[in-house]
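Structure first, commentary second.
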Amino acid sequence: MEFLQKRARRGKEWLERDIESASSSDKKRGGLRSEPAYAQGRPATYELSRAIFLQLMGLVYLVALGSYFVQFEGLYGAEGLLPISDQLESARHLPWTQYPTLVRWHAALGVDAYALCNAVCVAGMLLAALAAAGYASAPVMLGCWLSYLSLATVGEVFLFFQWDSLLCEAGFLAVLFAPLMGQPSRSGATSHIVIWLLRFLLFKLMLMSGVVKITSNDPAWLNLTALNYHFASQCIPTPAAWYFRQLHPLILQMGVAFTLLVEVPVALCVLCPLRAVRHPVAALNAVLQALIMVTGNYGFFNLLTLVLCVPMVDDTYWSRFM
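At position 138 of the sequence shown (counting the first as 1) the number is 138 in UniProt numbering, and the numbers step up by one without a gap.
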């Protein structure tokens, strides 16, 4: 009997040590098993979401401006398809509100327009690298936005795609979202107004993407056969697109249905204030964008859309991985 009592006491001691060890381990991992903030009655916070969003915006700017830089001479050089000097001459009487670009002041600065364009692009890339490295203060994000806005304005038809406008819109909101000084991860509370504006931007993008498909008078969308042609007819298919095209027609139909589901009814849930709805909606949007990126090349468009999903997720999710 005494032996059993000793064994019971020893087992209890081991169990208590295991529980204490597991609790300590969870705290070191950022509280994987700790009670979430909403369960403890605390309001949701977005400090981590803001830091992640702004760093990823820096990455998007870096990709967009880097692509612009390597193509600039062929597109806008003196012997390019659309020489920048000709554009600036025809637009020199337009006010800033109609032609917002820093390059318009090249003559006042005594600098060649082509050289100033390159300088604006390089400056934007350097600021984007700072933002991607975590130094995404409002002045840095403002510099990134002005750089891309200036280049998109003189870019004319080559930068009139929906993702160019989307980057200008998201970039402006990023300026408002960023802290005035310092790093976002160390800069206190975030603006819930800007969070809702970013969510509305994603809502607008996804809903319009779905509505334009349904109202296009193309029966392939409503018949769920659009993916029978999409992988071969899109602008720049990736090698993976060929393999997706070989999938069973039923799977392709399910893919079309999933696309319409995410872009219409799920898009309506982007503005839902409930965390239990927002987080799955963000995940569904992320899956759709990832599949598009695997099968087609749309520049930074899908990456930017993924970044816009970040403000839908509060810190209770990110803290699991920190």
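A virtual CB, placed ideally from N, CA and C, is assigned to each residue, including glycine.
The beta-bridge partner set that DSSP reports for P237 consists of G296. E79 is classed as exposed because its beta carbon has fewer than 16 other beta carbons within 10 Å across all chains shown.
Per DSSP, the continuous alpha helix (DSSP H) segment holding S67 begins and ends at 47–76. T295 places its beta carbon less than 7 Å from that of A240.
Excluding five sequence positions before and after R245, the CB atoms of its chain that fall closer than 7 Å to its own CB belong to F231, A232, given in chain order. In this structure, A91 and Y148 do not form a Cβ contact; the two beta carbons are roughly 18 Å apart against a cut-off of 8 Å. Here A152 has L159, D164, C168 as same chain residues with Cβ atoms under 7 Å from its own Cβ, once five neighbours each way along the sequence are excluded. Going by beta carbons, N302 and Q289 fall inside the 7 Å limit. Assigned with DSSP and collapsed to three states, L205 falls in helix. Taking the Cα positions, L261 is about 11 Å away from V281. As summarised for the UniProt domain "Lipase maturation factor 1/2 N-terminal" (161–318), the continuous alpha helix (DSSP H) elements at least 4 residues long and confined to that stretch are 162–177, 192–214, 219–222, 227–233, 239–245, 249–263, 265–268, 275–295, 301–309, 315–318, given in chain order.
Counting C-beta pairs with one atom in each stretch, the segment 131–139 and the segment 96–115 have fewer than three that are closer than 8 Å, which means they do not touch. Between the C-alpha atoms of G143 and L109 there is a straight-line separation of about 19 Å.
With respect to the 7 Å criterion, L304 and V60 are classified as neighbours on the basis of their beta carbons. Contact between the segment 111–128 and the segment 79–88 is present: three or more C-beta pairs spanning the two stretches fall below 8 Å. Around the beta carbon of D314, a 10 Å sphere encloses 16 or more other beta carbons of the protein chains shown; the residue is thus reported as buried. Going by DSSP, H93 is part of no alpha helix (DSSP H) at all; its letter is neither H nor E.
Bounds of the alpha helix (DSSP H) holding A128 are 113–132.
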